[in-house]
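Trainee: Shown below is the structure under consideration.
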DNA sequence: CAAAATAGCACAATCGATGGTGCAATAAAT
DNA sequence: ATTTATTGCACCATCGATTGTGCTATTTTG
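Chains as they are written, first to last, in our numbering: chain A, 13 to 364; chain B, 13 to 364.
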């Protein structure tokens, strides 16, 4: 049954083999043959031949003709953390369930790289694109102006495409409140022992910080500018910030809001260089959920953003014909210490 | 300077605008113009026009003509764990540095899905493909027979394409030895307290188990079949296995070799349901490195596979004209407890 | 100054699939 | 037995870029 034609079969090959025209073959193989009134027997003949010769359509040719590709893209800042990798996992499941082909690319949080990458995706006629955590969503939007590409921003909002983001203000409040209350009624640490590390000047960080400050003032009666230490989204800069604080203060703040699991890795690096006692009285909140991060020696409260909810919403929006350009908020979830949640991996059946 | 032509400009548009032929425009814009003896001034004229009209080549058309796409693919089993996500991160950096476009796709450890996905990639004329941890590498190889696609297997070996994998036997030995020695000379746990959980019947697991058994016998003088509990690569099945063991034995084995970070998540789930004392005397080794996993309350020794080394080797092989079909071993690294390593993310410059 | 060489570019076929249009053969209607 | 409808399919332009070939000026050589 297996033919070993060296080259891939085309509709022209099959047209010769079947004694029909290429257009007939094409119609049969892409499912439009009823509309074209092709005889059932002809269709069968052709699709049998196709199977026998292991025909698969050249998707570049199809894409060129149709000026679409069947590809759905996800643009990530980075792969290597659980928030974004679970996003990729969830994204793929959604796209596959719609019978399309997912591709995931990252752009290193570099606005220039982001634009170039989207240009490339555009050049491949990617049909739909989810842009996650882009540094410059509107720059990307500009690149796509006038193209039929459907875009939705996720995680960080833009003004040129619909956006789906976490309610970072609420999340920031929830997490901060949980950290403070963890010390117990009457034992709340003073305002200047409650710090926020990490993040940069993006929408998400700003909102989280706003929530942090608001609830902090409500619960402790005061707030301070010095308690916010932006470090960017990088383990190494966060580590430096922790070291520097430790040198100055001789200890860590008792209540620590870490603005992302990436920054949390900076805390890990700090931990590697300091004895256990350093973390005795510490309560940490991390804005991002990582299952392993949830089980450290000190209590770690985490925020899990509703990745599935956001992706679902994003696809909903993309299926609209004229999506309105607005920002949708999705509620994140507070995760108590020592919690191992199920994730997108659990949807995958595994055989031993 | 910005023109807002609704549709994307093509070489034909530019050919009209410049008063030259499409082939000249094409040559200028893809860099072959010197070879074609195009006047410098003509080239400048055209590339200025191209810039002005924001021309970008239609890569599907180019791909169709050249029967290659400029895409380099990475096929993963799953996104959502640090081993594979760091692989994606490293992969992208490599591909970008070669001026190509990386795409990452996962196939859920499903042989059928793997084959379908590769077929799709093939249909898009992906130029090169790294297949990581495929359940059925040879099935994939079969799909690509007779195609010009260059494939290299990573993580799990196949017989139809060159493979680059970790030295899992050595890794298994190293990790097991480190676990046992962690208890201190003279305090080694008995053979039946040294267990291996996780993995399935794949090459990697087999080799690790072989290493585990060999060194166990060397150090403790004996070995046992019951001490190997395969669970597949899934958190939930691993959790069940731990629970079951715990019910039977009333405790966990003191020395625990966990065969992947995915299975380690099963241990986390177990931990969530059991008090701290349960893990008092425990030493865990995990075959995979996760920075957060390295800082749990009990000692966790990890193996970090040399992802960068493997990817580098893979690209080296792909650049050969006639790569020999053999398997290359890359040495993994033993990571002591409480270690926060730098990773691919550190290569990314970040601005606060 | 004629012949040969070179520069500079245009032409046209091609990659593989799609879809509008049109034409012949058969079936249905009158 | 015509006319009209319908079936079943072939033809051909098209998507946008690439590339082998060839033609005409211009320049160089003898």
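Glycine residues also receive a C-beta, built at the ideal position from the N, C-alpha and C atoms.
Counting contacts by CB-CB distance shorter than 9 angstroms, is residue 204 of chain B in contact with chain A?
Mentor: Counted from its first residue, the second chain places residue 204 of chain B at position 192. No, no contact with chain A.
Trainee: Scan the stretch 289-304 of chain B for residues whose Cβ lies nearer than 9 angstroms to a Cβ of chain A and list them as they occur along the chain.
Mentor: 302, 303, 304
Trainee: Quick one: which unbroken beta strand (DSSP E) runs of 3-plus residues sit fully inside the stretch 278-354 of chain B? Chain order, please.
Mentor: 295-298, 312-316, 339-342, 345-347
Trainee: Anyone know if the C-beta pair for residue 241 of chain A and residue 306 of chain A falls short of 9 angstroms?
Mentor: Against the first chain, residue 241 of chain A aligns to sequence position 229. Against the first chain, residue 306 of chain A aligns to sequence position 294. In this structure, residue 306 of chain A does not lie closer than 9 angstroms to residue 241 of chain A by Cβ.
Trainee: In the stretch 238-258 of chain B, which residues sit with their C-beta less than 7 angstroms from some C-beta in chain A, listed in chain order?
Mentor: Here the close residues are 242, 243, 244, 245, 246, 247, 248, 249.
Trainee: Assign residue 228 of chain B to one of three DSSP states: helix, strand, or coil.
Mentor: Here residue 228 of chain B refers to the residue found at position 216 of the second chain. Three-state DSSP puts residue 228 of chain B in a helix.
Trainee: What is the DSSP secondary structure of residue 190 of chain B, reduced to helix, strand or coil?
Mentor: Counted from its first residue, the second chain places residue 190 of chain B at position 178. In the three-state scheme derived from DSSP, where H, G and I count as helix and E and B as strand, residue 190 of chain B is classed as helix.
Trainee: Is the shortest distance between the beta-carbon of residue 281 of chain B and the beta-carbons of chain A less than 9 angstroms?
Mentor: As a first step, residue 281 of chain B must be located in the second chain, where it is residue number 269. True, the Cβ-Cβ gap to chain A drops below 9 angstroms.
Trainee: Determine the DSSP secondary structure at residue 165 of chain B, reduced to helix, strand or coil.
Mentor: Counted from its first residue, the second chain places residue 165 of chain B at position 153. Strand at residue 165 of chain B.
Trainee: Is the CB-CB distance between residue 250 of chain A and residue 276 of chain A below 9 angstroms?
Mentor: Within the first chain, the letter at position 238 stands for residue 250 of chain A. Within the first chain, the letter at position 264 stands for residue 276 of chain A. A Cβ-Cβ contact shorter than 9 angstroms links residue 250 of chain A with residue 276 of chain A.
Trainee: To be precise: take each residue of the stretch 131-156 of chain B, compare its Cβ to all Cβ atoms of chain A, and keep it if any distance is under 8 angstroms. Which residues remain?
Mentor: 131, 132, 134, 135, 136, 137
Trainee: What number of angstroms, rounded off, separates the C-alpha of residue 101 of chain B from the C-alpha of residue 22 of chain B?
Mentor: What you label residue 101 of chain B is simply residue 89 of the second chain in a count that begins at 1. What you label residue 22 of chain B is simply residue 10 of the second chain in a count that begins at 1. Rounded to the nearest angstrom, the two C-alpha atoms are 34 angstroms apart.
Trainee: Measure how close the beta-carbons of residue 211 of chain A and residue 288 of chain A come, nearest whole angstrom, since I'm counting them as under 8 angstroms.
Mentor: Translated into positions along the first chain, residue 211 of chain A becomes position 199. Translated into positions along the first chain, residue 288 of chain A becomes position 276. Contact doesn't hold; Cβ gap of about 27 angstroms is too wide.
Trainee: Could you tell me the distance, in whole angstroms, from the CA atom of residue 77 of chain B to the CA atom of residue 144 of chain A?
Mentor: Indexing the second chain from 1 puts residue 77 of chain B at position 65. Indexing the first chain from 1 puts residue 144 of chain A at position 132. So the two alpha carbons sit approximately 33 angstroms from each other.
Trainee: I need the straight-line Cα distance from residue 326 of chain B to residue 338 of chain B, nearest angstrom please.
Mentor: For the purposes of this step, residue 326 of chain B is taken as residue 314 along the second chain, with counting starting at 1. For the purposes of this step, residue 338 of chain B is taken as residue 326 along the second chain, with counting starting at 1. For residue 326 of chain B and residue 338 of chain B, the distance between alpha carbons rounds to 12 angstroms.
Trainee: Just to confirm my understanding: we take residue 236 of chain A, look at its own chain, exclude 5 residues before and 5 after, and list those with CB closer than 8 angstroms. What are they?
Mentor: Reading the first chain from its first residue, position 224 is the one you call residue 236 of chain A. Answer for residue 236 of chain A: 203, 204, listed in chain order.
Trainee: Of all the options A/208, A/290, A/67, A/103, which has the alpha carbon lying nearest to the alpha carbon of residue 356 of chain A?
Mentor: Translated into positions along the first chain, residue 356 of chain A becomes position 344. For the residues A/208, A/290, A/67, A/103, the minimum Cα distance to residue 356 of chain A belongs to A/103.
Trainee: Tell me whether the stretch 256-263 of chain B and the stretch 221-232 of chain B touch, counting them as touching only if at least three CB pairs, one residue from each stretch, are closer than 8 angstroms.
Mentor: Between the stretch 256-263 of chain B and the stretch 221-232 of chain B there are fewer than three inter-stretch CB-CB distances shorter than 8 angstroms, so the stretches are not counted as touching.
Trainee: Nearest-angstrom Cα distance between residue 215 of chain A and residue 151 of chain A?
Mentor: Here residue 215 of chain A refers to the residue found at position 203 when the first chain is read from its first residue. Here residue 151 of chain A refers to the residue found at position 139 when the first chain is read from its first residue. Near 15 angstroms, if we compare the C-alpha coordinates of residue 151 of chain A and residue 215 of chain A.
Trainee: With a Cβ-Cβ cutoff of 9 angstroms, do residue 134 of chain A and residue 207 of chain A count as a contact?
Mentor: Along the first chain, one-based indexing puts residue 134 of chain A at 122. Along the first chain, one-based indexing puts residue 207 of chain A at 195. Not closer than 9 angstroms, so no.
Trainee: So with CB distances below 7 angstroms, who are the chain B contacts of residue 371 of chain A?
Mentor: Residue 371 of chain A cannot be examined here, being either before or after the span of chain A that is shown, 13 to 364.
Trainee: Report buried or exposed for residue 448 of chain A, applying the criterion of at least 16 other Cβ atoms within 10 angstroms of its Cβ.
Mentor: Nothing in the structure corresponds to residue 448 of chain A, since chain A is present only between 13 and 364.
Trainee: Quick one: what does DSSP say residue 90 of chain B is sitting in, helix, strand or coil?
Mentor: The residue given as residue 90 of chain B occupies position 78 in the second chain. Three-state result, residue 90 of chain B: coil.
Trainee: DSSP puts residue 118 of chain B in a beta bridge; with which residues?
Mentor: Start at 1 with the first residue of the second chain, and residue 118 of chain B comes out as number 106. Answer by DSSP bridge pairing, in chain order: B/88.
Trainee: Using a 10 Å radius around the Cβ and a threshold of 16 neighbouring Cβ atoms, would you call residue 89 of chain A buried or exposed?
Mentor: Here the question's residue 89 of chain A lines up with position 77 in the first chain. Under this definition residue 89 of chain A is a buried residue.
Trainee: Which residues mark the beginning and the end of the beta strand (DSSP E) in which residue 142 of chain B is found?
Mentor: Against the second chain, residue 142 of chain B aligns to sequence position 130. Where residue 142 of chain B is concerned, the enclosing beta strand (DSSP E) stretches over 140-144.
Trainee: Identify the contact partners of residue 69 of chain B in chain A, using a Cβ-Cβ distance below 8 angstroms as the criterion.
Mentor: Walking along the second chain from the start, residue 69 of chain B turns up at place 57. 135, listed in chain order.
Trainee: Interface residues of chain A around residue 90 of chain B at Cβ under 8 angstroms?
Mentor: Residue numbering aside, residue 90 of chain B sits at position 78 when the second chain is read from its first letter. Going along chain A in sequence order, the residues near residue 90 of chain B (Cβ under 8 angstroms) are 101, 357, 360.
Trainee: State the Cα-Cα distance for the pair residue 352 of chain B and residue 73 of chain B, rounded to the nearest angstrom.
Mentor: Here residue 352 of chain B is taken as the residue at index 340 of the second chain, counted from 1. Here residue 73 of chain B is taken as the residue at index 61 of the second chain, counted from 1. Residue 352 of chain B and residue 73 of chain B: Cα-Cα distance of roughly 46 angstroms.
Trainee: Note down, in chain order, each residue of its chain lying with its Cβ closer than 7 angstroms to the Cβ of residue 321 of chain A, except the 5 sequence neighbours on either side.
Mentor: As a first step, residue 321 of chain A is located in the first chain; it is residue number 309 there, counting from the start. Around residue 321 of chain A: 342.
Trainee: Can you give me the C-alpha to C-alpha distance between residue 129 of chain B and residue 139 of chain B, rounded to a whole angstrom?
Mentor: Residue 129 of chain B sits at position 117 when you count from the first residue of the second chain. Residue 139 of chain B sits at position 127 when you count from the first residue of the second chain. Whole-angstrom Cα-Cα distance: 15 angstroms.
Trainee: State yes or no: is the C-beta of residue 37 of chain A within less than 9 angstroms of the C-beta of residue 27 of chain A?
Mentor: In the first chain, counting from the first residue as 1, residue 37 of chain A sits at position 25. In the first chain, counting from the first residue as 1, residue 27 of chain A sits at position 15. Closer than 9 angstroms, so yes.
Trainee: Indicate the three-state DSSP secondary structure (helix, strand or coil) for residue 159 of chain A in the structure shown.
Mentor: Locating residue 159 of chain A in the first chain gives position 147, where the first residue counts as 1. Reduced to three states, the DSSP call for residue 159 of chain A is coil.
Trainee: Does the CB of residue 277 of chain B have a neighbour CB from chain A at under 9 angstroms?
Mentor: Start at 1 with the first residue of the second chain, and residue 277 of chain B comes out as number 265. Answer yes: the Cβ-Cβ gap between residue 277 of chain B and chain A drops below 9 angstroms somewhere.
Trainee: Tell me whether residue 14 of chain A is buried or exposed, calling it buried when 16 or more other Cβ atoms sit within 10 Å of its Cβ.
Mentor: Translated into the one-based positions of the first chain, residue 14 of chain A becomes position 2. With a pLDDT of only 47 at residue 14 of chain A, under the threshold of 50, the placement of this residue in the model should not be trusted; the figure read from the coordinates follows. Classification for residue 14 of chain A: exposed.
Trainee: Just to confirm my understanding: we take residue 117 of chain A, look at its own chain, exclude 5 residues before and 5 after, and list those with CB closer than 8 angstroms. What are they?
Mentor: Here the question's residue 117 of chain A lines up with position 105 in the first chain. Answer for residue 117 of chain A: 85, 86, 87, 88, 129, 133, listed in chain order.
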